[in-house]
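Working notes for the structure below.
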Amino acid sequence: MEANRISLVVLSDKREQLQMAAMIASVGAVSGADVLVFLSMNALRYFVKGAERRAPPEGPMGALMEQKKVLAFQDLFASAVELGGAKVHPCSMAIDVLEIKDGQLEDFIGEPMGLTQFLDVASQGQVWSF
Amino acid sequence: MADRKVVDARGSFCPGPLMELIAAMKMVEVGDEIEVLSSDKGSASEIPQWIKKVGHEYLGSVEEGGVWHVTVRRTK
Chain E
1 MEANRISLVV LSDKREQLQM AAMIASVGAV SGADVLVFLS MNALRYFVKG
51 AERRAPPEGP MGALMEQKKV LAFQDLFASA VELGGAKVHP CSMAIDVLEI
101 KDGQLEDFIG EPMGLTQFLD VASQGQVWSF
Chain Z
131 MADRKVVDAR GSFCPGPLME LIAAMKMVEV GDEIEVLSSD KGSASEIPQW
181 IKKVGHEYLG SVEEGGVWHV TVRRTK
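Those protein sequences? They're chains E and Z, same order as listed. Using the working numbering, the first residue of the first sequence is number 1, and each one after it goes up by one. Using the working numbering, the first residue of the second sequence is number 131, and each one after it goes up by one.
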């Protein structure tokens with residue numbers, strides 16, 4: 001197993017989950033890991049341009065992060081890409097179900113990815129799920 | 131003589147100050163120093179760990195009035 005590859009499956013629509021995923025992606029990427037983020041299910045809608053960017057809190061920590069204006073998880077994922085070369089891809093199934101068209105997702109997000117490709121990459125290192 | 135850049139990350143929470151440092155690191159020359167101002171205590175310990183991991187030079191930290199001044203040097 002390659003310890004320097006981190007794959008994240010991001011499904012949640014809760015602020016705490018999305019924030020932690022973005023923190024691991026960004027710090028992992030700038031620390032030399034090959035980071036792959038796979039966005040699917042209820043998480044994906046927060047990455048559509050012009051859509052609501054604020055995810056609801058799961059508990060008091062999420063509310064506090066909102067109150068203290070902690071950096072948005074979308075911006076952290078963007079930093080992971082820009083500063084650390086992370087790859088962020090939407091799940092092709094979620095793209096189809098949500099009827100998301102080309103160009104509608106944030107610019108730092110790559111092409112839709114299927115599970116076969118994701119699982120192939122994920123088999124080569126750590127996998128985190130949020 | 132090496133330049134010194136100040137990154138004011140006060141008010142930003144982990145990993146915000148680290149990410150601001152890394153963005154600044156890409157803008158300075160090898161040998162230059164960067165001083166990060168952070169009101170986030172966690173970042174004051176996170177930054178030296180990152181510096182050690184990636185091989186830059188950690189020059190030290192001081193805390194003044196709730197603000198950590200973390201100074202590093204780009205080495206590569």
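Each residue gets a CB set at the ideal place from its N, CA and C atoms; glycine is no exception. Because the structure is a prediction, the values reported are computed rather than measured.
query                                                                                                           : result
Cβ neighbour criterion (16 or more within 10 Å) applied to residue 64 of chain E                                : exposed
Backbone secondary structure at residue 45 of chain E - three-state DSSP                                        : helix
Proximity of residue 70 of chain E and residue 43 of chain E at Cβ, strictly below 8 Å                          : no
Contact set for residue 84 of chain E: own chain, Cβ-Cβ below 6 Å, skip 5 residues either direction             : 29 and 30
Residue 100 of chain E (DSSP reduced to helix, strand or coil)                                                  : coil
Three or more C-beta pairs below 8 Å linking the segment 7 to 25 of chain E and the segment 74 to 82 of chain E : yes
Chain E contact for residue 157 of chain Z (CB, 8 Å cutoff)                                                     : no
Any C-beta of chain E under 8 Å from that of residue 167 of chain Z                                             : no
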